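Here UniProt numbering is used: the first residue of the sequence shown is 1, the next is one more, and so on.
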Amino acid sequence: MNVVRSLADYENRKSIILHDARLAAEKLGGVADLSDSLVEEVTSLVEWPVVLTAKFEEKFLEVPAEALVYTMKGDQKYFPVYDKQGALLPHFIFVSNIESSDPQQIISGNEKVVRPRLADAEFFFKTDRKQRLEDNLPRLETVLFQKDLGSLRDKTDRIQALAVLLLRKWVLMSIKQHVLVLLSKCDLMTNMVFEFTDTPRGYGDALCSP
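Quick look at the structure:
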């Protein structure tokens, strides 16, 4: 049986969400990502906030956290949970709009909804790792950065030239540093970044990790 109720006071609803979400995260041994914008949005979406916790398969933690968080926060309006060291946990917190006598049914439903999206992220990540990051370098020439400034490859070349100029003032630039600058935009051409637009920063590092 589901009980439909309404709490008109916005600040009261927000307070309940913040309090219960923090408590739920503590029970999981972690800390909830309660970003102001998402809390405000969720508060506006529900009339009777009921905070629940759910989980996803640990295998998805092999995927860069940015993609998982993008899915949970952006697509599903869930609150990710991190451990005390800042690592993502295989749990999330969400807010239901009804008080149910069988909350597990609601939890299971949300777990089923998010799984395909996480599986997509896993697929894109594994696909991207099948090729070297530098294989994307020629593709940068096909993407316009700005009309009068050329392609993303042109931008990359300018960044590399500037890096060389600056580093020569202090130390000789190593081959590794040359390569890092050259590959700095290559992750923008990956499947993951195309699908999950909030993942560019640091994604190249994840692709290069063993």
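Where is the CB? At the ideal position from N, CA and C, for every residue including glycine.
On a predicted model such as this, the values are computed, not experimentally measured, just so you know.
Measuring C-alpha to C-alpha distances from residue 115 to each of 7, 29, 61 and 155 identifies 61 as the nearest. Residue pairing by DSSP leaves residue 71 without any beta bridge partner. Per DSSP, the continuous beta strand (DSSP E) segment holding residue 55 begins and ends at 50–55. Taking one beta carbon from each stretch, the region 93–112 and the region 38–55 have 3 or more pairs nearer than 8 Å; the two touch. Two segments are said to touch when three or more pairs of C-beta atoms, one from each, lie closer than 8 Å; by this definition the region 44–51 touches the region 3–22. Annotated three-state conformation of residue 118 is helix, per DSSP.
Cβ-Cβ separation between residue 64 and residue 125: approximately 7 Å, consistent with a contact (criterion under 8 Å). Here DSSP, grouped into helix, strand and coil, assigns residue 80 to strand. Look at the beta carbons and you see the region 28–47 not touching the region 102–111: under three pairs across the two are nearer than 8 Å. By alpha-carbon distance to residue 8, the top candidate from 33, 43, 23 and 28 is 43. In the displayed model, residue 6 falls within coil according to three-state DSSP, outside both helix and strand. Judged by DSSP in its simplified three-state form, residue 32 adopts strand. Of the residues 70, 89 and 99, the one whose Cα lies closest to the Cα of residue 5 is 99.
Annotation for residue 96: the continuous beta strand (DSSP E) segment containing it runs 88–96. Rounded to the nearest angstrom, the gap between the Cα atoms of residue 109 and residue 128 is 30 Å. Beyond the five residues adjoining it in sequence on each side, residue 117 comes within less than 7 Å, by CB distance, of 71 and 75 in the same chain, given in chain order. Contact between residue 31 and residue 78 does not hold, since their C-beta atoms are separated by about 15 Å, which reaches or exceeds 8 Å.
Under the three-state reduction of DSSP output, residue 11 falls in the helix class.
Partner residues in the beta bridge of residue 146, as assigned by DSSP, are 150.
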